[in-house]
Amino acid sequence: MTERIREFLRNRRREGLSDGPCLVLDTEVVRENYQKFARALPNTRVFYAVKANPAPEVLSLLAKLGSCFDTASVVEIQLVLAAGATADRISFGNTIKKERDIARALELGVRLFAVDCEAEVEKIARAAEATGVDKAEVKVFCRILCDCVGAEWPLSRKFGCAPEMAIEVLEHAHRLGLEAYGVSFHVGSQQRNTEAWDAALGSAAAIFRECGLRGIQLSMVNLGGGFPTKYLKDIPAVEAYGESIFRALSKHFGNRLPETIIEPGRGMVGNAGVIEAEVVLVSKKSKDENEVRWVYLDIGKFGGLAETMDESIRYPIRTEHDEDRLAPCVLAGPTCDSADVLYEKEPYWLPISLEIGDKVLIEGTGAYTTTYASVAFNGFPPLKSYVI
Ligand SMILES: Cc1ncc(COP(=O)(O)O)c(C=O)c1O
395 MTERIREFLR
405 NRRREGLSDG
415 PCLVLDTEVV
425 RENYQKFARA
435 LPNTRVFYAV
445 KANPAPEVLS
455 LLAKLGSCFD
465 TASVVEIQLV
475 LAAGATADRI
485 SFGNTIKKER
495 DIARALELGV
505 RLFAVDCEAE
515 VEKIARAAEA
525 TGVDKAEVKV
535 FCRILCDCVG
545 AEWPLSRKFG
555 CAPEMAIEVL
565 EHAHRLGLEA
575 YGVSFHVGSQ
585 QRNTEAWDAA
595 LGSAAAIFRE
605 CGLRGIQLSM
615 VNLGGGFPTK
625 YLKDIPAVEA
635 YGESIFRALS
645 KHFGNRLPET
655 IIEPGRGMVG
665 NAGVIEAEVV
675 LVSKKSKDEN
685 EVRWVYLDIG
695 KFGGLAETMD
705 ESIRYPIRTE
715 HDEDRLAPCV
725 LAGPTCDSAD
735 VLYEKEPYWL
745 PISLEIGDKV
755 LIEGTGAYTT
765 TYASVAFNGF
775 PPLKSYVI
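Spelled out as structure tokens, the structure:
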């Protein structure tokens, strides 16, 4: 929580505008985060994962700072271009793309694409032919599976292929005339283990070696995201990630270090944002005095806090009564869907004096909130966002 955010919220209240939940994001924190990444991983290009928060002010700041961008769709590519970055700073990092979207990306000048199977490679080759783009200028990197152990928001088996298969996929790209550029992986989001990159880098180095034997010189390793933001638990500093990654790169690649890329999303914007929300109801389900309290906020899973799914991400919540005695409660959102409960399996500790109408501040909410908010579920508008 920065002084600038505090000041913004004070002014908003003074002007009587504090109705409904809203995210306030401080771009100064994003600037600091970018600089920390650049310092901690000095020879690595930063591709900000736009999906974490695509606010135009965030994108234009990062474009000015020299960042590149990892995008998941044509709309994200267009947002990045509108923010002032050139197409050579954009990667189409989603492994699941429509062929016509690949063609559109090529027309917009994008030349860097993620794949995890031969069918996706073929789409890219066909789209390049259809748009008249020289295939030798189109770079593809193959994503490999990662076990995501240690991550609080694991990315499962949906993306990536087995390392042995990546060799075939890259060879296929080479055969079709595309540039087989390298390997990517994602160690799982909110990865609190700084050593998590080691095993994947071991696999990447083995793929480099085997491709080399087949006459294909790969150049790049995309280290993905996974860099955490501070929620309730402490996290290692970004410098510790930088050191551990450099150690693992040297261990597996020796003195022939590849070009490297990182794609931080959460770690770039998470701690830059705070959501101000309001207590709508405090109640109990029976008169039993041991019965747990239910606290209902005006924001829930459908209003932007989707990452509370399975109670994975536990946001710090500040109230004006934080000096008072705390007691556990079930914390829920305002909609008429029983899935709209934030924390119940592990109840959340909030002050017993918390009352209907009180404001609460949900910290660490700069990433994966605004874009997860539903359009109008139950008539509630999408999460408001102010970027300062
Ligand atoms: C391809 C890719 N890169 C980067 C990210 C950002 O990850 P994080 O927010 O953990 O930094 C994601 C997140 O889903 C992703 O899918």
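395 is the number of the first residue of the sequence shown in the numbering used here; add one for each residue after it. From the three backbone atoms N, C-alpha and C, an ideal C-beta is built for every residue, glycine too.
Nearest residue (CA-CA) to residue i, options the options
| i | options | result |
| --- | --- | --- |
| E657 | P745, N447, V676, S597 | N447 |
| S638 | F621, R650, K627 | F621 |
| L459 | M559, E573, R483 | R483 |
| E683 | A721, N649, S412 | A721 |
| L580 | L607, G618, H566 | Correcting the residue type first, residue 580 is His in the shown sequence and not Leu. Minimum Cα distance to H580 is reached at G618. |
| L626 | A434, T702, V532 | T702 |
| I496 | G478, A479, C511, K517 | K517 |
| R551 | G503, A432, D541 | D541 |
| R708 | G526, Q584, Y442 | Q584 |
| V615 | D628, G659, A560, T588 | A560 |
| E558 | C536, L570, D704 | C536 |
| L736 | R407, G727, R712 | G727 |
| G698 | A432, E670, L456 | E670 |
| W591 | G606, L539, S613 | L539 |
| E573 | T588, T654, V534 | V534 |
| E426 | D413, V452, N405, A556 | V452 |
| I601 | A545, Y575, G661, R719 | Y575 |
Span of the beta strand (DSSP E) around residue i
| i | result |
| --- | --- |
| K753 | 753-757 |
| E672 | 667-677 |
| R608 | Looking at the DSSP string, R608 is not in any beta strand (DSSP E), and its letter there is neither H nor E. |
| K381 | Here the chain covers residues 395 to 782 and nothing more, so residue 381 does not appear. |
| R708 | First-last for R708: undefined, no H or E at that position. |
| N616 | 614-616 |
| L419 | 416-419 |
| K778 | 778-781 |
Cβ neighbour criterion (16 or more within 10 Å) applied to residue i
| i | result |
| --- | --- |
| E514 | buried |
| I490 | exposed |
| L651 | exposed |
| K577 | According to the sequence provided, residue 577 is Val. The question's Lys does not apply to it. The residue in question, V577, is buried, as its Cβ has 16 or more Cβ neighbours within 10 Å. |
| R494 | exposed |
| E685 | exposed |
| K645 | exposed |
| V781 | buried |
| I746 | exposed |
| A634 | exposed |
| P415 | buried |
Counterpart residues of residue i in DSSP-defined beta bridges
| i | result |
| --- | --- |
| V440 | I656 |
| F535 | A508, G576 |
| A545 | Q585 |
| D464 | A443, S485 |
| C730 | Its beta-bridge partners do not exist; DSSP assigns none. |
| A721 | L744 |
| T713 | V754 |
Limits of the unbroken alpha helix (DSSP H) element including residue i
| i | result |
| --- | --- |
| K645 | 632-647 |
| R687 | No alpha helix (DSSP H) holds R687; the beta strand (DSSP E) holding it covers 687-691. |
| L403 | 397-408 |
| R569 | 557-569 |
| S454 | 450-459 |
| A700 | That residue, A700, is in no alpha helix (DSSP H); it is neither H nor E in DSSP. |
| E793 | There is no way to answer for residue 793, as the model of the chain reaches only from 395 to 782. |
Proximity test, residue i beta-carbon vs ligand 3 heavy atom, cut-off 8 Å
| i | result |
| --- | --- |
| G620 | No copy of ligand 3 appears in this structure; the ligands present are ligand 1. |
Rounded Cβ spacing between residue i and residue j (contact assumed at less than 8 Å)
| i | j | result |
| --- | --- | --- |
| L435 | G636 | 5 Å |
| V444 | T421 | About 15 Å separates the two Cβ atoms, so there is no contact after all. |
| L419 | G571 | Not a contact, Cβ separation roughly 43 Å. |
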